[in-house]
Amino acid sequence: MNTENAPQIRRTSLNCDSKMKKKILFVTDQPKALRGLRKVLAPLRSQWQMDFAQTDSDALTILADSSYDAVATDMQPVETQGYRLLDRVGKLYPSVVRIFLTGRFDSGRVLESLGAAHFFLSKPFEAEKFKLTLERAFFMRSLLADRSLIELISRIDTLPSVPSLYHEVVFEAQLPNGSLAKVADIISKDVSMSAKLLQVVNSALFGFPGQVSSILRAVSLLGIENIKALILSLKIFTCCHPKNIPGYSLSGLWGHSLAVAMAARTMVTQQGLPQSSIDEAFMAGMLHDVGKIVLINKLPGECLKISELVGASGCKLYVAENEILGADHAQLGAYLMTIWGLSQATVEAIAYHHCPGKSSNRSFGPLTAVHLADALEHSATGQGADKGLDVEYLKNIGIYESD
Ligand SMILES: [Fe+2]
Ligand SMILES: [Fe+2]
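Written out as structure tokens, the structure is:
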């Protein structure tokens, strides 16, 4: 790309073959940051076309000229105010994925930016970390290809934001000198969360011998990843006011989610999958129905209609949701969890937990385990006589045999 005749717009394409490639526009006015980005991202040239702009107005000119899949901006320069650019991009090009590149973890600014950005990435930038973030971002974009989901989201005034306690734990856990003791200290400052965590850890489902009486002990027994899953789910459950609508009863939903998480974790462990998949199965199990909590909180009237349709027709809840809302709690939950930064495997397990055959995944993983655990748990509690198993999918991955 010739930049000599376009001094106002510095565009540096790292690869000319743009066919079938995702296009990403980086915006930074810091030459050092630009050099660093180009170096870090060089290994990804075969997968993505990456262009660079130096100012907000240059970026907007480029975006008006050509369509992009994602925009990533550096939020450091005060005059640039990257979040304002992303806010503008969000309004002009809502389907473009918006990413903040931030020099350091700053929960205040991150929270401020959440409305404008879908994702944020903190330094040091690594190609692999960036790749994972973009894969998650594009997965979210594929979810949003469903116009009905966009319409459903637009009917919900504000989606729940990421709990700051979760952010703090994630940040501490990824520090080179991070420790379980420091994580436990952070959690202990939240008295209400500490009490709830201890209550959960001491429940019969976990089966730990003796009483677990300290958060440090709970963190040591469960591990950081499971603690993160419990923090996210406890926070979202406690922000909701219980409403007794059949199918959306929160009192049963917590027990159901925990049972699915435990069963899914066991299945993935028995398959000999890596620890990361075991953790993802637990996280996805805990949060697979999180979309229901959003719906009951934000659209209780519609939830009542959905419940009545289920009662009258005998159809499954997610089928009735699709009938009345055009999208279901699985899609909504997956969208929210993508924004909250969960891994692609976790989000995929949430998105397709009723119909795994719609995913492109054809090997046993967190999605398979959550689908099986959810269907079996519903069956065990008498909430689905046909178990709701996606038999074709299970046959395809070789774990279902006909009688
Ligand atoms: Fe569900
Ligand atoms: Fe479920």
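For the sequence shown, the working numbering begins at 651 and goes up steadily by one.
The C-beta atom is built at its ideal place from N, Cα and C for all residues, glycine as well.
Note that the structure is predicted; figures quoted are calculated from it, not measured.
Is H938 near ligand 2, in the sense that its beta carbon is under 8 Å from a heavy atom of that ligand?
It does: the Cβ of H938 is within 8 Å (strictly closer) of some heavy atom of ligand 2.
How would you write the range of the alpha helix (DSSP H) that S707 sits in, first residue to last?
D706 to D715
C-beta atoms of A868 and V862 nearer than 9 Å
yes
Helix or strand or just coil, what does DSSP make of I749?
strand
Same chain, Cβ closer than 6 Å to M912, five either side skipped, listed in chain order:
L855
Reference I712; option with closest CA among S844, V677 and R797:
V677
Using alpha carbons as the reference points, say which of A845, Q981 and G1015 lies closest to G922.
G1015
Secondary structure of K671, DSSP reduced to three states:
DSSP places K671 in coil when its eight states are reduced to three.
Cβ neighbour criterion (16 or more within 10 Å) applied to K741:
exposed
If you drop the 5 nearest sequence neighbours on each side, which residues of the same chain put their C-beta closer than 8 Å to that of K1008?
Y1002
Is it the case that the CB of S1054 approaches a heavy atom of ligand 2 more closely than 8 Å?
Shown here, the chain extends from 651 to 1053; a query on residue 1054 therefore has no answer.
For A787, the nearest candidate out of E776, L771, L802 and R797 (CA to CA)
It is L771 whose Cα lies nearest to the Cα of A787.
Whether A1019 touches A914 by CB criterion (9 Å):
Yes, Cβ-Cβ distance for A1019 and A914 is below 9 Å.
From K781 to V739, what does the alpha carbon distance come to, in whole angstroms?
21 Å
Helix or strand or just coil, what does DSSP make of T723?
Collapsing the DSSP output to three states places T723 in a strand.
The beta strand (DSSP E) spanning W698 covers which residue range?
Start and end: W698 to A703.
Should L694 and A777 be called a contact, given that it needs their Cβ atoms to be closer than 9 Å?
yes
Hey, could you find the ends of the alpha helix (DSSP H) S792 is sitting in?
A777 to L793
Taking C-beta to C-beta, are I989 and M790 nearer than 9 Å?
yes
In this structure, how does DSSP classify S772 when only helix, strand and coil are distinguished?
strand
Is DSSP giving K1045 helix, strand or coil here?
helix
Verify the contact flag: D737, CB atom, against every heavy atom of ligand 2, threshold strictly below 8 Å.
no
Count the other CB atoms, across all protein chains shown, that sit within 10 Å of the CB of R748; report buried if there are 16 or more and exposed otherwise.
Within a 10 Å sphere around the beta-carbon of R748 sit 16 or more other beta-carbons, which makes this residue buried.
Which residue from E822, A845, L937 and I974 puts its Cα closest to that of L949?
I974
Ligand 1 and A914: does the residue's C-beta get closer than 8 Å to at least one heavy atom of that ligand?
Because no heavy atom of ligand 1 lies under 8 Å away, the Cβ of A914 does not count as near it: no.
Evaluate P813 with the Cβ neighbour count: other Cβ atoms within 10 Å of its Cβ, from every protein chain shown; 16 or more gives buried, anything less gives exposed.
buried
Report yes or no: do the segment 924 to 934 and the segment 866 to 882 share at least 3 C-beta pairs separated by less than 8 Å?
yes
Beta-bridge partners of E676, as assigned by DSSP
The sequence shown places Phe at residue 676, not Glu. Beta-bridge analysis with DSSP links F676 to F702 and A722.
Boundaries of the alpha helix (DSSP H) in which I800 is found, first to last residue
R797 to R805
Local conformation of R1012 per DSSP, three classes:
Per DSSP, reduced to three states, the secondary structure at R1012 is coil, with no helix or strand assignment.
How many Å lie between D679 and P810 at the Cα?
33 Å
Quick check on E1051: does DSSP put it in helix, strand or coil?
coil
Taking the alpha helix (DSSP H) that I943 falls in, what are its first and last residues?
V940 to K948
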